[in-house]
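In my numbering, the protein residues as written are 5 to 272.
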């Protein structure tokens, strides 16, 4: 705290912008009683429990900020309830437009994200094993601590010929452009950029409706499917519908891309 205060005093900025729930309170504490305007932004699921210390600090320190940036309307509502700040504004993440591509869509169900428990890729594997998937492939982009157990699960489900774990890539856009369906199973999000990028790349999308994020992007039944959190049976039925109905996939993909214009880098 002493170090941060010293550095900011030397820099003498007009404005300080701080990101992340765990750090914002400490930045505000370090810079308390300075004339510098401090804006803060929370990035995680708004109802995430960060422990008693952070909860207490948040209630005391957040009202001292000049303004708060939330990623979603839900996050704004939760923040106001927690800290009663009058200057909270929603600024979603910008969604990057993919480059125009002549790549033909393939029978690929794509999932992009870290391989961690909260992304629930294990649920997606189980669902994929239960649907009539014909000659479809399930492709995971990303890496993380759950990779080993997911590969073991894939083998036990006898899906090794249909499932690919690609790892981290620099050309994720190519995978968005090739895939027909994007399946998202996360149970905790701030703002799901991967979901938005998939929609911008004309993927038909399906997602669990975790407490914040997906509902800002998907209009259920219009440009994708939103499924109640952890309702795996409905998720399975909706995914099967997308696999079977090419016309529905095409409809969702067109309207998904159109919706993402709202989140263009120019608009944000």
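Where a beta carbon is used, it is the ideal one built from N, C-alpha and C, also for glycine.
* **Residue nearest to residue 4 in terms of C-alpha spacing, selected from 208, 266, 242, 223** => Outside the shown range of the chain (5 to 272) lies residue 4, about which nothing can therefore be said.
* Where does residue 73 sit, in a helix, a strand or coil, going by DSSP? -> strand
* **C-alpha distance - residue 262 paired with residue 216, whole-angstrom precision** => 21 Å
* **Opposing strand residues paired with residue 43 [DSSP bridges]** => 21, 71
* Range covered by the beta strand (DSSP E) that runs through residue 166 -> Looking at the DSSP string, residue 166 is not in any beta strand (DSSP E), and its letter there is neither H nor E.
* Asked: What separation, rounded to the nearest whole angstrom, lies between the Cα atoms of residue 234 and residue 98?
  -> 27 Å
* Nearest to residue 187 by alpha carbon, out of 7, 203, 11, 211? -> 211
* To do: Would you check if there are 3 or more beta carbon pairs closer than 8 Å linking the segment 222-233 to the segment 81-99?
  => no
* Asked: What separation, rounded to the nearest whole angstrom, lies between the Cα atoms of residue 146 and residue 113?
  -> 14 Å
* Since residue 112 sits in a beta bridge, which residues does DSSP pair it with? -> 141
* Taking the Cβ atom as the reference point for each residue, do residue 76 and residue 220 lie within a distance shorter than 8 Å? -> yes
* **C-beta contact flag for residue 32 and residue 12 at 8 Å** => no
* To do: Assign residue 105 to one of two classes, buried (16 or more other C-beta atoms within 10 Å of its C-beta) or exposed (fewer than that).
  => exposed
* **Of the listed residues 22, 65, 124, nearest to residue 88 (C-alpha basis)** => 65
* What's the call for residue 132, buried or exposed, on a 16-neighbour Cβ count within 10 Å? -> buried
* Going by the beta-carbon positions, is the gap between residue 157 and residue 129 smaller than 8 Å? -> yes
* To do: Compare the beta carbon distance of residue 49 and residue 135 with 8 Å and say whether it is the shorter of the two.
  => no
* Cβ-based burial, residue 204 [other Cβ within 10 Å; buried from 16] -> buried
* **Three-state class that DSSP yields for residue 199 in the structure shown** => helix
* By Cβ distance, which residues of its chain are closer than 7 Å to residue 82, with the 5 residues on each side in sequence left out? -> 50, 51
* Mind pulling the alpha helix (DSSP H) runs of 4 or more residues that sit fully within the segment 213-255? -> 218-221, 236-248
* Beta-bridge partners of residue 210, as assigned by DSSP -> 187, 229
* Proximity of residue 124 and residue 189 at Cβ, strictly below 8 Å -> yes
* To do: In angstroms with no decimal places, state the Cα-to-Cα distance between residue 69 and residue 20.
  => 10 Å
* Asked: Cα separation between residue 176 and residue 39?
  -> 43 Å
* Give me whichever residues DSSP pairs with residue 94 in a beta bridge. => 74
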